[in-house]
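S.K.:
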Amino acid sequence: MTKEKFIKRFFLFFALLSIFFLAGILFVLFKEGISAFGKINLGGFLFGRSWYPTHTPGEFGILPLILGSLLVTVGALVVAVPLGIGSAIYISEVAKPGVRDVIKPLLEILAGIPSVVYGFFGMVVFAPFIQRIFDIPTGLTAFTASVILGIMALPTIASIAEDAISSVPKSYKEASLSLGATEWETIARVTVPSAMSGISAAIILGMGRAIGETMTVLMVAGGAAVIPHTFFQPVRTMTATIAAEMGETMVGGIHYQSLFAIAIVLFLLTLTFNIIADHISHRYKKKMTG
Amino acid sequence: MKKRKIVQTIGFSLLYLSVFIAIFALSSILYFVIIKGAGVINWEFLTSMPKEGMTKGGIVPAILGTFYLATGAILFSLPLGIFAAIYLSEYAKQGRLVRIVRLGINNLSGVPSIVFGLFGLGIFVKFFGFGVSILSGALTLGILILPTIIRASEEALLAIPESFREASLALGATKWQTIKGVVLPNAIPGIMTGAILGVGRAAGETAPILFTATTFFCSRLPSSIFDEIQALPYHIYALMTEGTHSELQVPIAYGTTLVLISLVLLINLLAIIIRYKMRKGKKW
Amino acid sequence: MRHFDEEKELLRKRLLSMTGKVEESIKKAIKSLRDRDESIATKVVNADAEIDREEVDIEEKCIELIARYQPEAIDLRTIIGLIKINNDLERIGDLSVNIACASIRLLEKPQLKPIVGLSQMTGIVTGMLADSIKSFINGDVQLARSVCVRDNEADEMRNHLIRELLTYMMEDPKTISRCMDLALIARNLERIGDLSTNISEDVIYINEAVIIRHHRAL
Amino acid sequence: MRHFDEEKELLRKRLLSMTGKVEESIKKAIKSLRDRDESIATKVVNADAEIDREEVDIEEKCIELIARYQPEAIDLRTIIGLIKINNDLERIGDLSVNIACASIRLLEKPQLKPIVGLSQMTGIVTGMLADSIKSFINGDVQLARSVCVRDNEADEMRNHLIRELLTYMMEDPKTISRCMDLALIARNLERIGDLSTNISEDVIYINEAVIIRHHRAL
Amino acid sequence: MVNKDKITTENLNLWFGKNHVLKDINIGIEENKITAIIGPSGCGKSTFLRCLNRMNDLIDNTKITGKVSLGGENVYNNRMDVVTLRRRVGMVFQKPNPFPKSIFENVAYPLRIQGVRNGISERVRKALSAAALWNEVKDRLNISALSLSGGQQQRLCIARALVTEPEVILMDEPCSALDPIATAKIEELLFTLKEQYTICIVTHNMQQAARVSECAAFLLLGELIEFNNTNKIFTNPADKRTEDYITGRFG
Amino acid sequence: MVNKDKITTENLNLWFGKNHVLKDINIGIEENKITAIIGPSGCGKSTFLRCLNRMNDLIDNTKITGKVSLGGENVYNNRMDVVTLRRRVGMVFQKPNPFPKSIFENVAYPLRIQGVRNGISERVRKALSAAALWNEVKDRLNISALSLSGGQQQRLCIARALVTEPEVILMDEPCSALDPIATAKIEELLFTLKEQYTICIVTHNMQQAARVSECAAFLLLGELIEFNNTNKIFTNPADKRTEDYITGRFG
Ligand SMILES: Nc1ncnc2c1ncn2[C@@H]1O[C@H](COP(=O)(O)OP(=O)(O)OP(=O)(O)O)[C@@H](O)[C@H]1O
Ligand SMILES: Nc1ncnc2c1ncn2[C@@H]1O[C@H](COP(=O)(O)OP(=O)(O)OP(=O)(O)O)[C@@H](O)[C@H]1O
Ligand SMILES: [Mg+2]
Ligand SMILES: [Mg+2]
Ligand SMILES: O=P([O-])([O-])[O-]
């Protein structure tokens, strides 16, 4: 083998590591979690309405957890998507260069605030506030979690959407203006539609982030494993369940295994989102290059 | 014509509003943390051990723990990430293999952090028997930030115009000479940005270290990589959810949060400054 | 059709109409002599100014076309050919003026025995001229070559004429001055033939990019 | 210096050397008559082939330059001017051959009284030719204009000569044929003057982009 | 035939920050003619063109003095609505820039934003025909405009500019991204367009200026050095600097 | 003066995947002359050029048959070392592509990768002089190459290609990113370079091919239609298709 060939193989090995890790994750999750299905049937697991793992016999229905996750995620998106995309459009199309140079890095920096900080803020500031405003027994509700999660996902969505919007060639904008369009028409009819796939990818990635989010929801969602009926009640998500309960389980026990089983569901769910986002942004690239 | 102008005014107002809300929401978080945390922070807080069941004293083990974890994670994932990125951008030919690798990286980055925690638990803590330790936590975090590093490095490498490579090859350089002489030197700032962002991310993560590295309280500083540790993010969580004197713990949590935020934001700021500098200086 | 082709076409048409004028001049100059009508000759002399103007115009247009379209290959050859043909046509116009002037001088004096050869020669050279231009317009290299061949005929004829004139002069010295003018006319006609040949050679060059002039026996 | 300028310079030089040859031809043709040396005249006739070849070469080179460099403005005018001047030079060459041929015919017969005017006229027209080319090479419009003025002198001289010849012929019809040849020589010299004038006009055009020919009184 | 000026500028000056980019430009762009702007890189050609439809408004720190009149009205007057102005003065850019929409929607765009509802497809057809593109695309109006070739894209952009029937069309190096064959097609198109429109074209291809234009302006360092018939400029420029530039002796 | 061929191709065929891009090309590129390759976009000009120094090796799915000889040796022979080949056959690209290093280091790069240690600065000076750039940069060899103007950058790239004294220089549209004035400078440079080097230049600017080259090859859809003296090609091409292309009647 020549030197050049050797170098190439060397690098190839490292490129394959990601796959290896991904496979490793899958393997560990299944290794630890699969035997849960020996004891709980799959339908009962996914659609069971109650989650009482510590009872004897334990009940392992994760429907409340799934619904909790979805509720919080949807709520978060309702907050984050309009604000995030609005901000993205503002930054890339409307803001004066001076303003843009402040706001854009600001958002990027804020994107780096750790999730536990959001959780903390939610617990000590926002939840009491909600409790007072709506006069409800606890401020730790799906609503609270949604809003906090939404704010948290906002910089992510804004930043990816901003990338997509500002990578729309300047020539489109010039073309539209030179044809007698107003700036708003240019944004609404040319710039944003051209960046649509990038924006959708941003939304889906934001969704993935929200659904996989752990600490925030763990701290502010309230943690009641019941099927939610309103926004203003405590809920418990899949991630929070794992984080909260793993510490107290017996390694290898059914509770331990079922938590891994939840992780499998979570993993597959986010995998799906990611593949969809990937697909969209792939198509987007193709479209932009003709 | 008038109607078109009005539509424009309304549209722009909505945009201003959304930016305003976004900035307001995010800065109010900072505001509270800074206002409430600033009073707690002093030299002692930063340099002494916690006392009296976490109701008094400082957070030095948590600071150190976060430092060890983040350093360990970056030491582990930086070389891996760079090597993988070099393969992808310099050697890989478009084909099934690359698509799979890339899909793998994208999905790895989308895996929820708690799942990484479980993975670390399953592999490092249990299978390799490292136990709950700095090593397990750092490795878990390292894998978590690997996609970030690979992406940033790859982006930095791809930003080097193809024409540089062609020029070098056409001058009779070998591939490796080209990478070493022309590609990598120009990609270093970009790779550094990626690495710094990775450090910031690693420092702020909680879920992955829940079961792999941290403990609520340890009475001494770690002496080896196989020791349990405290970490800032987990410390905040623990202060809020465990212990019994929450009225005493919340102020400490504020202080810890301010320290963590300052740390992470400073790191991110650094990365962003480097990136802006780089974009400005770049003429090709 | 390319814009350049349109412009070129226009130029061709102008050249054609200029040829018509020049041909007319030659015929008229000779006619004035035959009909002993000075007014016709005067017209020829006066008409020349227009031909001259047209020549200048066409040349300017050609240079403009080169400057603006940077023609290559056959287009370039055509334009260069046009410039040269245009030049030749103008000279032919001048030659007919020369003939007309000689005619005017001759008309001041009594008529000599009419020289049949002159009309005949006029027929030949105007034929040559017409054909050379026709060959240009149609890109007809065959026809162009035939013009070159006919040039010898014209030369022959001129020699014959001059010899005839010499005899007249010897016989009657009073005719010398008139004969000199007639000889001049013959020479001019022959030169018209020469120029038509030049034109034909240019046509061949334009179409085949072979410069053939001087190759034929002198 | 641009590569194009080098090529143009080369062409100019070639044109200059061609002018030298042509001038020589004219002088030799006249000299052969004066010295009654047929061999000189023959040399003139033979030398023409080379001038012809050179003309074709120069013209091809000019067209090549247009095709390859797409010259504009003064460069274009220079090349077009070169083509035309080149053409004129070749014609002047032909005219000296004509003179040489006439000379050969004359030498077959006894000498007439030497015609002083002829030498003098030769001096004038070769001077005009030399100056017109010089004005081209140096871009000297002043000089070019002076050539145009001198043309009238040459015309005058020719008329004078022809009148003198007419007298001879009248006096002695035996000289008619020789006088005709001498008249031909005078006409050819005058045409050389005309062509030099043409060249000068082209020089003016090249440098000032004003086409002046035909504007002056005919 | 006396031609009148469609656009005139009077002492037009423009600064980008402290950079004095256009200096006292006085020019008259004649109706139904093609006017070419030539000059070395950075001399202000594009800037001048973009003054005419106020595209320079988009650039910060721009200062403009003097007058630009379109059919007698001052373009920089406060009462002049930029949107209307740009509809009257269309523009075609250096790189073909169709929107990533279908061919049809690209051309229909200017109509749609004006709120036109009826007869759109007829007007699109007419514009595409005028841009000599109709025959090539009539069977596939719904495919993405980005799948057209560069030359076709540029003609599409021309059609898009024509559909609202502007009075003037500005073109900033419209062929510099095209190969010679596509360029030739656009040039031919220009000859037919000028019968209906007033066209002003910036090009750094002098030969192109020579071929297509009737009048040509030579700019140098922001100054208008010479403005004349194209014939005159290319066979006998009045200014030495023009001559030097035209013959490639410059710099 | 009999010139011998420096590079010859025999029945050179090239496929990109199923796309037959070069078809039976037989050509002889003469020593110390400039050979131009012209033809419409996509006809395979660049591909042909890149066959000569095997830059096409970098593209996947390429299949090549036939022979390319450099001074008698087959370039596609297994014994031919690509690195050595590329050192002997230099290349200059369409867009100036200096490395983001200093001027000096750019030119020194090829020497450094060859492990040359002595006399580097002398050789750099010589190369810069040969590329007619020395006088413009001699006082600032240490500034970044990226701060040079486009035309200077391209001459720098030429210097960089010259420093290892290749036998042949391939240029793929070296002036298409430059303005006319910088282009004129490069063209003048070519005339002096050809005394020492064999040059093969791809250009879609026909006038440029006409100006600089001694021989010209016209490619169409991957076929070599005509290969002849530039004079001949531009005044009297043998093939109707060449004539049509040259006179702009094509397509
Ligand atoms: N947006 C801008 N901000 C500041 N200066 C600018 C801007 N655009 C152009 N300039 C400057 O204005 C001058 C003229 O630029 P312009 O683009 O009009 O030149 P041009 O003649 O079109 O050149 P080219 O042929 O390269 O397109 C240049 O010096 C340029 O640096
Ligand atoms: N890397 C590649 N992979 C596949 N096909 C290619 C590749 N490069 C070029 N081709 C195809 O090969 C053909 C010839 O391309 P090439 O770049 O040689 O053309 P060209 O004559 O240089 O054109 P241009 O004037 O546009 O540069 C084209 O049909 C092109 O689509
Ligand atoms: Mg411009
Ligand atoms: Mg190419
Ligand atoms: O970001 P998380 O660690 O809270 O999932």
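Chains as they are written, first to last, in UniProt numbering: chain A, 1 to 290; chain B, 1 to 284; chain C, 1 to 218; chain D, 1 to 218; chain E, 1 to 251; chain F, 1 to 251.
Glycine included, C-beta positions come from ideal geometry on N, C-alpha and C.
(1) Taking contact to mean at least 3 C-beta pairs separated by less than 8 Å, is the segment 89-100 of chain B in contact with the segment 182-199 of chain A?
(2) Taking the alpha carbon of D/LEU112 as the reference point, which residue from D/GLU9, D/THR167 and D/ASN87 has its own alpha carbon closest?
(3) E/ILE169 bridges to which residues according to DSSP?
(4) What I want to know is whether the C-beta of F/ILE59 ends up closer than 7 Å to one or more non-hydrogen atoms of ligand 2.
(5) Report yes if the C-beta distance between C/ILE133 and C/ALA29 is below 8 Å; otherwise report no.
(6) How about F/LYS45: is its Cβ closer than 7 Å to a heavy atom in ligand 2?
(7) Identify every residue that forms a DSSP beta bridge with A/TYR52.
(8) At which residues does the beta strand (DSSP E) containing E/VAL21 begin and terminate?
(9) Closer than 9 Å, Cβ to any Cβ of chain A: which residues of the segment 58-88 of chain E, in chain order?
(10) Measuring straight from C-alpha to C-alpha, what distance separates E/SER102 and E/SER147?
(11) I'd like to know if B/THR174 contacts chain F, where contact means its C-beta is closer than 8 Å to some C-beta of that chain.
(12) Along chain C, which residues have their Cβ under 9 Å away from the Cβ of E/ARG211?
(13) Within the 8 Å Cβ cut-off, does F/PHE99 reach chain B?
(14) D/ALA186 to E/ALA209, Cα distance in whole Å?
(15) By DSSP's criteria, B/PRO50 is part of a beta bridge. Which residues make up the other side?
(16) Three Cβ pairs or more, each shorter than 8 Å: is that satisfied between the segment 92-107 of chain A and the segment 202-211 of chain B?
(17) With a threshold of 7 Å (Cβ to nearest heavy atom), would F/ASN97 be considered close to ligand 2?
(18) So what's E/CYS215 in DSSP terms, helix, strand or just coil?
(19) Tell me where the alpha helix (DSSP H) around F/GLY222 begins and ends.
(20) Could you pull out every residue in the same chain whose Cβ sits closer than 7 Å to the Cβ of C/ARG178, ignoring the five residues on either side in sequence?
(21) For a contact meaning CB atoms closer than 8 Å, what does C/ILE63 contact in chain E?
(22) Output the distance between the C-alpha atoms of D/ASP181 and D/VAL125, rounded to the nearest integer angstrom.
(23) State the start and end residues of the unbroken alpha helix (DSSP H) segment that holds E/ALA36.
(24) Tell me which residues share the same chain as D/HIS215 and place their Cβ nearer than 8 Å to its Cβ, disregarding the 5 neighbours each side in the sequence.
(25) Pull up the CB-CB distance for A/LEU77 and A/ALA243, whole angstroms please, since I reckon it's below 8 Å.
(26) According to DSSP, simplified to helix, strand and coil, what is E/VAL163?
(27) Does any residue of chain E have a CB that is nearer than 8 Å to the CB of F/ALA217?
(28) Between the C-alpha atoms of E/ASP239 and D/GLU208, what's the straight-line distance to the nearest angstrom?
(29) Just by C-beta distance, which residues in the segment 233-254 of chain A are closer than 8 Å to chain B?
(30) For E/ILE246, would you say it is in contact with chain I, using Cβ-to-Cβ distances shorter than 8 Å as the test?
(31) Out of C/PRO71, C/GLU72, C/SER32 and C/VAL56, which one is the CA nearest neighbour of C/LYS84?
(32) Can you confirm whether F/ARG249, when its beta carbon is compared against all beta carbons of chain C, has any partner nearer than 8 Å?
(33) Would you say the beta carbon of F/ASP179 is closer than 7 Å to some non-hydrogen atom of ligand 1?
(34) Is the closest heavy atom of ligand 2 to the C-beta of F/HIS20 under 7 Å?
(35) Tell me whether F/SER149 counts as near ligand 1, meaning its Cβ is closer than 7 Å to at least one heavy atom of that ligand.
(36) Let's see if you can read the secondary structure: which residues bound the alpha helix (DSSP H) around C/ASP37?
M.R.: On the basis of the coordinates in this document:
(1) no
(2) D/THR167
(3) E/GLY90 and E/ILE199
(4) yes
(5) no
(6) yes
(7) A/GLU59
(8) 19-30
(9) LEU58, ASP60, VAL82, VAL83, THR84, LEU85, ARG86, ARG87 and ARG88
(10) 9 Å
(11) yes
(12) HIS3, PHE4, ARG68, TYR69 and GLN70
(13) yes
(14) 51 Å
(15) B/GLY57
(16) no
(17) no
(18) strand
(19) Run containing F/GLY222: none; DSSP gives neither H nor E here.
(20) LEU106, LYS109 and LEU112
(21) THR235
(22) 19 Å
(23) Run containing E/ALA36: none in the alpha helix (DSSP H); it sits in the beta strand (DSSP E), 34-38.
(24) With a pLDDT of 48 at D/HIS215, under the threshold of 50, the modelled position of this residue cannot be trusted; read the value that follows with caution. If we look at D/HIS215 and ignore the five residues flanking it on each side, it has no Cβ neighbours.
(25) So it is not a contact: roughly 22 Å between Cβ atoms.
(26) coil
(27) no
(28) 13 Å
(29) THR239, ILE242, ALA243, MET246, GLY247 and VAL251
(30) Chain labels in this structure do not include chain I; the protein chains are A, B, C, D, E and F.
(31) C/VAL56
(32) yes
(33) yes
(34) no
(35) no
(36) Taken as a continuous stretch (DSSP letters only), C/ASP37 belongs to no alpha helix (DSSP H), as it is neither H nor E.
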